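I have placed the structure first, in the form of structure tokens, so that the comments after it can refer back to it.
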Amino acid sequence: MPRTGHAPPPRNRARAAVAGLAVLGLAACGGFGLSRPPETVAVAGGDVVIGGPQGYCIDRPGSRLTGESPFVLLGSCASIARDAGADAPRQPGVLTATVSAPGEGPGFAETVPQLESFLSSAPGRAALARDGRPESVEVLSTRRDGAALIIHLRDTSANVVPGTDPTYWRGLFEANGRLVTVSVMSFADQPMGSDLALATLRGMVARIRQETAARHAPAPTQEEAG
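Under this note's numbering, the first residue of the sequence shown carries the number 5, and numbering increases by one thereafter.
Below you can see the structure in the form of structure tokens.
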């Protein structure tokens with residue numbers, strides 16, 4: 005990822021970090037009935053591999069896998085495959101991931117303080133809101149979790165994903181030079197507790213980092229191979 009000596013304005017960086025909310029409506033019309041849905045998918049020209057915790061699979065018809073800023077939808081493997089015997093999380097939810105196009109400037113870790121300040125402002129809440137209105141979003145908390153920024157928020161936008169609880173979790177982090185934003189939403193009639201939702205988010209971040217690192221790990225030399 006190219007670096008320069010000048011950081012982009014915090015507002016621009018934050019808007020890139022929270023991009024992708026407009027396509028969350030795809031979750032309402034995702035494809036089901038797929039046999040053996042994949043657990044992971046490589047996007048952004050293979051730069052990043054998206055996956056979730058155990059029991060979650062990729063909903064390919066509900067995702068936008070091509071282009072510089074792909075969007076990936078994940079759900080219960082059993083639900084997507086319409087197979088009660090398939091793997092499923094203990095309490096299913098709706099997971100999403102977006103990958104931003106490569107940009108210049110300092111890495112994500114260096115901009116986290118500015119990003120936290122931005123998200124507490126009206127323009128920041130507007131960037132988080134699905135309807136673009138700052139009054140629709142309440143940022144309940146932000147925290148740093150290693151090199152990731154975790155946001156707990158409530159979005160009362162009129163165009164929320166049908167059937168999901170307006171309170172949900174988001175995580176922002178960098179993987180292979182790309183800014184990745186992940187979301188964990190629970191169903192309104194079966195909401196996840198905060199501990200489970202946060203554990204699911206952390207599991208998704210860890211899976212993406214692990215799979216991406218494995219894809220780009222250098223091939224072993226002949227000596228290392230034995």
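For each residue, glycine too, the CB sits at the ideal point set by N, CA and C.
Since the structure is predicted, the reported quantities are computational estimates derived from the model, not experimental observations.
- Between Ser104 and Ala92, the gap from beta carbon to beta carbon reaches 8 Å or more.
- One alpha carbon belongs to Arg174, the other to Pro74, and they sit about 17 Å apart.
- Note that the C-beta distance between Val45 and Val98 is not below 8 Å.
- Between Cys61 and Ala218, the alpha-carbon positions lie close to 19 Å from each other.
- Bounds of the beta strand (DSSP E) holding Ala152 are Ala152 to Asp159.
- With 16 or more other Cβ atoms inside 10 Å of its own Cβ, Arg134 counts as buried.
- Between Thr171 and Phe191, the CB-CB gap reaches or exceeds 8 Å.
- By the Cβ-count criterion, Thr204 is buried, with 16 or more other Cβ atoms from all chains shown falling within 10 Å of its own Cβ.
- Glu114 is classed as exposed because its beta carbon has fewer than 16 other beta carbons within 10 Å across all chains shown.
- Where Met196 is concerned, there is no enclosing beta strand (DSSP E), because DSSP gives it neither an H nor an E.
- For Leu123, the uninterrupted alpha helix (DSSP H) run begins and ends at Phe112 to Leu123, by DSSP.
- CA-to-CA, the gap between Val186 and Ser121 works out to about 20 Å.
- Secondary structure note for Leu132: its alpha helix (DSSP H) is the uninterrupted segment Ala126 to Leu132.
- Its chain contains no residue whose beta carbon lies nearer than 6 Å to that of Arg137 once the 5 sequence neighbours on both sides are disregarded.
- In the assembly as shown, Arg129 is a buried residue. Its beta-carbon has 16 or more other beta-carbons within 10 Å.
- Excluding residues up to 5 positions away in sequence, Gly97, Tyr172, Trp173, Val188 and Ser190 lie with their Cβ nearer than 8 Å to the Cβ of Ala201 in the same chain.
- Per the coordinates, the alpha-carbon of Ala151 lies some 10 Å from the alpha-carbon of Ala179.
- For the pair Gly49 and Arg211, the CB atoms are not nearer than the 8 Å cut-off.
- About 32 Å separates the CB atoms of Val184 and Ala88; that is not less than 8 Å, and the two are not in contact.
- By the neighbour-count definition (other C-beta atoms within 10 Å, threshold 16), Arg206 is a buried residue.
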